[in-house]
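Under this note's numbering, the first residue of the sequence shown is numbered 238, with each subsequent residue one higher.
We treat Cβ as the ideally placed atom computed from N, Cα and C, and that holds for glycine.
Model, not experiment: these values are computed from the prediction.
Since the structure comes first, as structure tokens, the remarks are kept for the end.
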Amino acid sequence: MDTERAVKDDVMDYETAKEIAARFLGQPDASAGYSFVILDEHTIERPTCFVFFYESSRHLETDVFEDRLVGNAPVLVDRKSGEPVALGTGRTAGFYIDLFEAGKLGAEW
238 MDTERAVKDD
248 VMDYETAKEI
258 AARFLGQPDA
268 SAGYSFVILD
278 EHTIERPTCF
288 VFFYESSRHL
298 ETDVFEDRLV
308 GNAPVLVDRK
318 SGEPVALGTG
328 RTAGFYIDLF
338 EAGKLGAEW
């Protein structure tokens, strides 16, 4: 992946942003018995950013409520800088995107 080129040319595409989000999330310890899966169908794409939602592979396989992740904040990837930021969970993703686009949300969040 040539992240620097994609960011430099100001043409961050979905796949590049998704790879950045996946690296930012990492993966739980193997003993957890699941992995993080980005939910493509829930991704929000804006001119300034992508926002990725994710769930546990176990929940996606079993559909058992107890297998769901708790507190899994969406990950915003800045299309210009490539910087990933974990959003909050107390408000809608749109609320945090609006903060980001107003310059009031950054890596220190």
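Is the CB-CB distance between residue i and residue j below 8 Å?
i: Ser-293; j: Leu-306; result: yes
i: Ala-330; j: Val-288; result: yes
i: Gly-325; j: Ala-310; result: yes
i: Leu-276; j: Phe-290; result: yes
Rounded C-beta distance between residue i and residue j? I'm assuming under 8 Å.
i: Ala-258; j: Val-312; result: 4 Å
Between residue i and the ligand PLP, is the CB less than 7 Å from at least one heavy atom?
i: Asp-277; result: Absent from the structure shown: the ligand PLP. Ligands present: none.
Looking only at its chain, what residues have a beta carbon closer than 6 Å to the beta carbon of residue i, apart from the 5 residues adjacent to it on each side?
i: Tyr-251; result: none
Taking buried to mean at least 16 other C-beta atoms within 10 Å of its own C-beta, is residue i buried or exposed?
i: Phe-332; result: exposed
i: Leu-342; result: buried
i: Arg-316; result: buried
i: Phe-337; result: buried
i: Val-314; result: buried
Keeping to the same chain, check which residues put their C-beta closer than 7 Å to that of residue i; ignore five residues upstream and five downstream.
i: Tyr-271; result: Pro-265, Ser-293, Ser-294 and Arg-295
Consider the Cβ of residue i: report whether some Cβ of chain D lies at a distance smaller than 8 Å.
i: Lys-317; result: The structure shown has no chain D; it contains just one protein chain.
Which same chain residues end up closer than 8 Å to residue i when comparing Cβ atoms and leaving out the 5 residues on each side of it in sequence?
i: Leu-297; result: Val-274
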